[in-house]
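S.K.:
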Amino acid sequence: MNQGKIGELIGEIRKEKGLKQSELAELLGVTSKTVSRWETGKYMPDLSLFVDISEILGITLNELIRWRKNNWKKE
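All residue numbers for the sequence shown refer to the numbering used here, where the first residue is 34 and numbers rise by one.
#1: Just checking my contact of V68 with L82 at CB under 8 Å: how many whole Å lie between their CB atoms?
#2: The alpha helix (DSSP H) with N35 in it runs from where to where?
#3: What's the call for G40, buried or exposed, on a 16-neighbour Cβ count within 10 Å?
#4: When the distance is taken between beta carbons, is I43 closer than 8 Å to E72?
#5: Helix, strand or coil for R99, going by three-state DSSP, please let me know.
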């Protein structure tokens with residue numbers, strides 16, 4: 034897993050979904066600073082959050098781990 038690429042994907046899809054970092058953070062029970070650190074590649078989300086992150090962003094767990102938007106497309 035590449036934490037930088039995972040963070041990029043989280044940030045990209047979060048923005049496309051119209052979510053602020055603070056909103057995603059609240060949904061996940063973390064701080065907005067934590068989300069920022071993920072998106073800048075400084076930290077990796079805790080593995081226990083991967084399923085919730087995937088569900089909130091509307092992507093599969095596999096897409097998140099492989100940092101590709103295989104099934105998710107901009108409309």
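Using N, Cα and C, we set each Cβ at its ideal position, and we do this for glycine too.
Note that this is a predicted model, so its numbers are computed, not measured.
M.R.: According to the structure data:
#1: With a Cβ gap of about 10 Å, V68 and L82 do not count as contacting.
#2: Looking at the DSSP string, N35 is not in any alpha helix (DSSP H), and its letter there is neither H nor E.
#3: Looking at its Cβ environment, which holds 16 or more other Cβ atoms inside 10 Å, G40 is buried.
#4: With respect to I43, E72 sits close: the two C-beta atoms are nearer than 8 Å.
#5: When secondary structure is reduced to three states using DSSP, R99 falls in the coil class, being assigned neither helix nor strand.
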